[in-house]
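First up is the structure itself, then whatever we jot down about it.
Numbering (my numbering), first residue to last: 163 to 453.
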């Protein structure tokens, strides 16, 4: 399907705003989501939104509205699927079957409930499975200001992950400081530092599902209300988003059968490696280096 989207997906404050809202929605639970995936789904919705509905979606997702005239066509497997919502049970089944037909997808009923008065549903699903190799040296940096160790681990297909392990008891302070500028500083510092480290992480596996009506707390309200103007989709003004869901499972496997040696001139042969055990709360940021 050919879609026309703003040239730049948001790379500013939206991920961190969403993180805080997710923490409020499910306090004490693991949080895992894809800001790019959510942004893409709602950018598609914005194509059919008019006036205030359009502006709220793009502003809420931190798009730069001054650049919206710069557009590009992209190829994405994002079809519109017609369902009979009067038969909510059958509609949920059709949606699940459609999602499960995608490669690597194994999900059970992404929508838990569906009202018979539903007109439009946005279903968003992303899957990440990373394979890493144990290395002797890693790009690593200790942030003294936030008392956390930042380690970059490379996966296949030009994907890297930042594992951020705070000192015990200060996770809340780290979360409060989590902003675009903070991450940018970490990445900049990592380019100048390599350490000999033994990393023991729990090979995290988690799955999170979010009701995206939480975006109303980020001022994306019109598209979910009677004031919605989505006439660019159907030509009629009586359409609103009844349901929006985002599901993101994560599996990371470590392949210890291969090892990579990296030359580091600052390494003392008889020094002991730094041991990092991810045995308490930590942050994980996954980055596609190509985008």
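No residue lacks a Cβ here, since even glycine has one placed at the ideal position from N, Cα and C.
*Give every residue of the same chain whose Cβ lies closer than 7 Å to the Cβ of residue 382, excluding the five residues on either side of it in the sequence, and list them in chain order.*
218, 219 and 222
*asked:* In whole angstroms, give me the CA-to-CA distance for residue 276 and residue 180.
replied: 24 Å
*Do you know offhand how far residue 328's Cα is from residue 185's?*
18 Å
*Determine which residues share a DSSP beta bridge with residue 407 and list them.*
285 and 373
*By a C-beta neighbour count over all protein chains shown, 10 Å radius and 16 as the cutoff for buried, is residue 170 buried or exposed?*
Because residue 170 sits at a pLDDT of 45, beneath the cut-off of 50, its placement in the model cannot be relied upon, and the point is left open.
_Nonlocal neighbours in the same chain, by C-beta distance under 7 Å from residue 252, ignoring five residues either side_ = 246
*Range covered by the alpha helix (DSSP H) that runs through residue 189*: No alpha helix (DSSP H) holds residue 189; DSSP gives it neither H nor E.
*Which residues share a DSSP beta bridge with residue 471?*
It is not possible to answer for residue 471, since the shown part of the chain is limited to 163 through 453.
*asked:* So, with DSSP's three-state summary, where would you put residue 342?
replied: helix
*Provide the residue(s) that pair with residue 450 in DSSP beta bridges, ordered along the chain.*
321
*Give every residue of the same chain whose Cβ lies closer than 6 Å to the Cβ of residue 442, excluding the five residues on either side of it in the sequence, and list them in chain order.*
330
*Grouping DSSP H, G and I as helix and E and B as strand, with all else coil, what is residue 316?*
strand
*With burial defined as no fewer than 16 other Cβ atoms inside 10 Å of the residue's Cβ, what is the status of residue 213: buried or exposed?*
exposed
*Of the choices 195, 202, 307 and 208, whose alpha-carbon is the least far from that of residue 392?*
208
*Going by alpha carbons, who is nearest to residue 373 out of 177, 183, 176 and 175?*
183
*Within the same chain, show all residues whose beta-carbon is closer than 8 Å to that of residue 345, passing over the 5 residues directly before and after it, in chain order.*
324 and 447
_Nonlocal neighbours in the same chain, by C-beta distance under 8 Å from residue 192, ignoring five residues either side_ = 368 and 370
*What residue does the alpha helix (DSSP H) around residue 204 start on, and which one ends it?*
197 to 208
*Can you give me the Cβ contacts of residue 304 inside the same chain, cut-off strictly under 6 Å, excluding the 5 residues immediately before and after it?*
311
*Bridge-paired residues (DSSP) for residue 326*: 312 and 445
_residue 307 (DSSP reduced to helix, strand or coil)_ = coil
*Could you check the C-alpha separation between residue 232 and residue 332 for me, to the nearest Å?*
Unreliable positioning characterises residue 232 in this predicted model, as indicated by a pLDDT of 40, which lies under 50. The coordinate reading is nonetheless provided below. Going by the C-alpha atoms only, they are around 43 Å apart.
*Specify, as a first and last residue, the run of the alpha helix (DSSP H) that residue 394 falls within.*
393 to 396
*Thinking residue 402 and residue 387 are a contact (beta carbons under 8 Å), I'd like their distance in whole angstroms, please.*
6 Å
*Classify residue 412 as helix, strand or coil using the three-state DSSP reduction.*
strand
*Compute the Euclidean distance between the alpha carbons of residue 398 and residue 210, then round it to the nearest angstrom.*
11 Å
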